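To convert, take the position in the sequence shown, counting from 1, and add 351; that gives this note's numbering. C-beta: ideal position from N, C-alpha, C; glycine also. Values in this document were obtained by computation on a predicted structure and should not be read as measured data.
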Amino acid sequence: MVSRTASKDTLVRNDWTREEVRDLYHGPLLSLVFRAASVHRLFHDPEEVQRCTLLSIKTGGCPEDCSYCPQSARYKTGVENEKLLDLSAVMEAATRAREAGSSRFCMGAAWRSPRDESEFESVLEMVSKVAETGMEVCCTLGMLSSSQAKRLKEAGLTAYNHNLDTGEGFYDKIISTRTYGERLATIENVRNAGISVCCGGIVGLGESDDDRIDLLHTLATMSEHPESVPVNALVAVEGTPLGESEIVSPLILVRTIAAARILMPAARVRLSAGRINLSAAEQALCFLAGANSIFAGERLLTTSNNPECEDSSMLEALGLRSTNFPARTHSDSIGSSHSIISETEGLLPGQKASQSSTTIPG
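Structure (structure tokens):
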């Protein structure tokens with residue numbers, strides 16, 4: 352085999368064609384995971400997983416009609432419309448999260464967009480105070496204007512989560528109250544404000560492989576890849592239109608994570624909602640495929656999550672450790688900026704060596 356060198360820079364691409372993404376996604380699963388694991392080791396510490404904590408600071412009463420969401424005011428799910436939490440409650444939760452090992456604290460509000468100025472001011476204060484703990488601070492508040500994004504940045508916001516949910520062609524089957532273009536506009540406002548973009552999607556909505564490929568292609572061809580890419584599995588909630596959906600196959604989740612890792616190698620791929628339905632072995636395969644973040648704590652907004660004691664035992668058994676402060680997106684200590692790879696080793700069937708984004712660490 353002929354060897355050559357490849358730098359990290361050559362592996363980060365924004366010009367993926369849809370055909371390339373399709374061929375990648377449909378590759379033999381074990382080969383796909385092996386390739387993703389190899390890319391992961393070049394860009395990240397494979398033994399490090401970031402723990403994040405998610406807190407609902409404003410629960411219920413959302414006017415949107417997202418088919419999966421128990422917080423929509425349109426569905427009878429038992430979720431009540433609550434007021435915005437006060438600062439003391441948020442800081443108590445943030446302190447517990449930090450002490451439990453989380454290095455990122457995420458706050459979610461069931462809004463279409465921030466409208467009430469006094470409430471938005473309260474959120475800005477929450478961001479500022481949580482940032483003082485040393486944790487990364489993330490928010491998801493619905494659609495943002497450019498001025499709102501700038502104010503969040505000034506308050507100390509690290510990242511903003513605004514998922515695309517699914518591919519554009521399937522999107523209107525899931526939500527009708529907000530367009531795909533509006534989601535992309537918020538992402539652009541966030542990026543222009545200098546805030547890290549956290550953007551991913553959900554599998555198990557009834558979408559096809561092609562819809563997942565469309566989502567991955569959209570993310571991978573953004574002018575800048577999202578800093579983090581949450582991969583969620585639907586948690587079906589009774590009372591929502593998707594309340595009777597079957598649990599998605601864990602292997603679909605693994606395949607999506609592996610493809611995301613190869614397409615966006617420097618991003619932190621987040622194994623997010625739906626993890627509670629995975630065994631430790633299935634989660635291990637997700638980590639091998641390139642996931643390096645989980646939500647910790649026994650609640651995700653309004654749905655259950657894995658017990659922290661189980662997470663700690665699992666991470667210890669797998670030889671994984673939590674991200675230290677300050678949290679690192681890219682590893683500066685894993686290998687050098689170049690790694691020897693083979694012209695043919697690690698390629699998927701039919702892929703040309705000149706297109707390889709695989710690296711085999713020494």
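What residues in its chain sit with their C-beta under 6 Å from that of residue i, if we drop five residues either side in the sequence?
i	result
Gly552	Asn514, Leu515, Asp516, Thr517, Leu566
Asn365	Thr572
Leu671	Glu398, Val400
Leu636	Val605
Lys409	Leu435, Ala460, Ala461
Gly493	Trp462, Arg463, Ser464
Ser673	Arg402, Gly452
Ser687	The pLDDT assigned to Ser687 is 34, lower than 50, so where the model puts this residue is not dependable; a value taken from the coordinates is nonetheless given after this. Hits under 6 Å: none found.
Ile598	Asn628
For the beta strand (DSSP E) containing residue i, name the first residue and the last one.
i	result
Val620	619-622
Ser579	579-584
Ile598	Run containing Ile598: none; DSSP gives neither H nor E here.
Tyr511	510-512
Opposite residue i in the DSSP bridges: which residues?
i	result
Phe456	Thr404, Val488
Leu651	Thr654
Phe646	Cys403
Ser498	Paired residues: none, contrary to the question.
Ser423	Cys413
Asp516	Gly552
Three-state secondary structure (DSSP) at residue i?
i	result
Ala389	As written in the sequence, residue 389 is Ser, which differs from the Ala given in the question. Of the three classes helix, strand and coil, the one that applies to Ser389 here is helix, per DSSP.
Lys359	helix
Gly552	strand
Lys409	strand
Arg672	strand
Thr572	coil
Asp561	helix
Ser479	helix
Ser473	helix
Ser547	strand
Leu629	coil
Arg466	coil
Ala536	helix
Leu435	coil
Val605	helix
Ala635	helix
Ala506	helix
Arg364	coil
Gly374	As written in the sequence, residue 374 is Asp, which differs from the Gly given in the question. Of the three classes helix, strand and coil, the one that applies to Asp374 here is helix, per DSSP.
Ser527	coil
Ala640	coil
Ala461	coil
Can you tell which of the options has the C-alpha that lies nearest to the C-alpha of residue i?
i	options	result
Leu435	Lys501, Glu483, Ser469, Arg425	Ser469
Gly557	Tyr419, Pro397, Arg672, Asp366	Tyr419
Gln634	Cys549, Leu614, Ala609	Ala609
Ala500	Pro379, Phe521, Val474	Val474
Pro601	Asn583, Arg650, Met615	Asn583
Ala448	Ser382, Gly648, Glu661	Gly648
Pro581	Val588, Gly520, Glu370, Leu405	Leu405
Ser527	Phe646, Tyr511, Asp416, Val384	Asp416
Glu505	Val599, Tyr531, Ala482	Ala482
Asn540	Glu595, Met665, Leu503	Leu503
Thr368	Ser623, Ala668, Thr569	Thr569
Ala586	Ser664, Ser655, Leu383, Ile525	It should be pointed out that residue 586 corresponds to Val in this sequence rather than to Ala. Nearest C-alpha to Val586: Ser655.
Ser559	Ala510, Ile546, Ala631, Ile603	Ile603
Ser496	Gly378, Thr537, Asp562	Thr537
Cys550	Leu535, Ile645, Asn512, Arg650	Asn512
Ser547	Ala510, Ser663, Asn432, Met486	Ala510
Ser623	Leu652, Ala632, Glu595	Leu652
Leu438	Phe471, Gly412, Pro421, Gln422	Phe471
Ala444	Thr484, Glu433, Pro421	Thr484
Leu383	Thr607, Ser574, Glu595	Thr607
Arg466	Ser423, Gly429, Cys413, Glu450	Cys413
Gly429	His377, Asn628, Asp523, Val588	Val588
Please report the residue range of the alpha helix (DSSP H) in which residue i lies.
i	result
Cys660	659-669
Cys417	Looking at the DSSP string, Cys417 is not in any alpha helix (DSSP H), and its letter there is neither H nor E.
Val441	438-450
Val430	Where Val430 is concerned, there is no enclosing alpha helix (DSSP H), given that its DSSP letter is neither H nor E.
Glu589	Note, Glu589: premise wrong, no alpha helix (DSSP H); not H, not E.
Can you give me the Cβ contacts of residue i inside the same chain, cut-off strictly under 7 Å, excluding the 5 residues immediately before and after it?
i	result
Asp360	none
Arg612	Ala387, Val390, His391, Val620, Ala640, Gly641
Lys427	Gly590
Ala618	His576, Pro577, Glu578, Ser579, Val580
Ser650	Residue identity differs from the one stated: residue 650 is Arg in this sequence, not Ser. Once the five neighbours on either side are set aside, the close Cβ partners of Arg650 are Asn656.
Got a sec? Which residues, its chain only, sit under 8 Å from residue i by beta carbon, not counting five neighbours each side?
i	result
Val441	Leu406, Ile408, Met458, Met477, Lys480, Val481
Pro616	Lys359, Leu362, Val363, Val390, His391, Leu393, Phe394, Ser708
Glu370	none
Ser596	Gly555, Leu556, Gly557, Leu585, Ala587
Glu433	Lys409, Thr410, Gly411, Gly412
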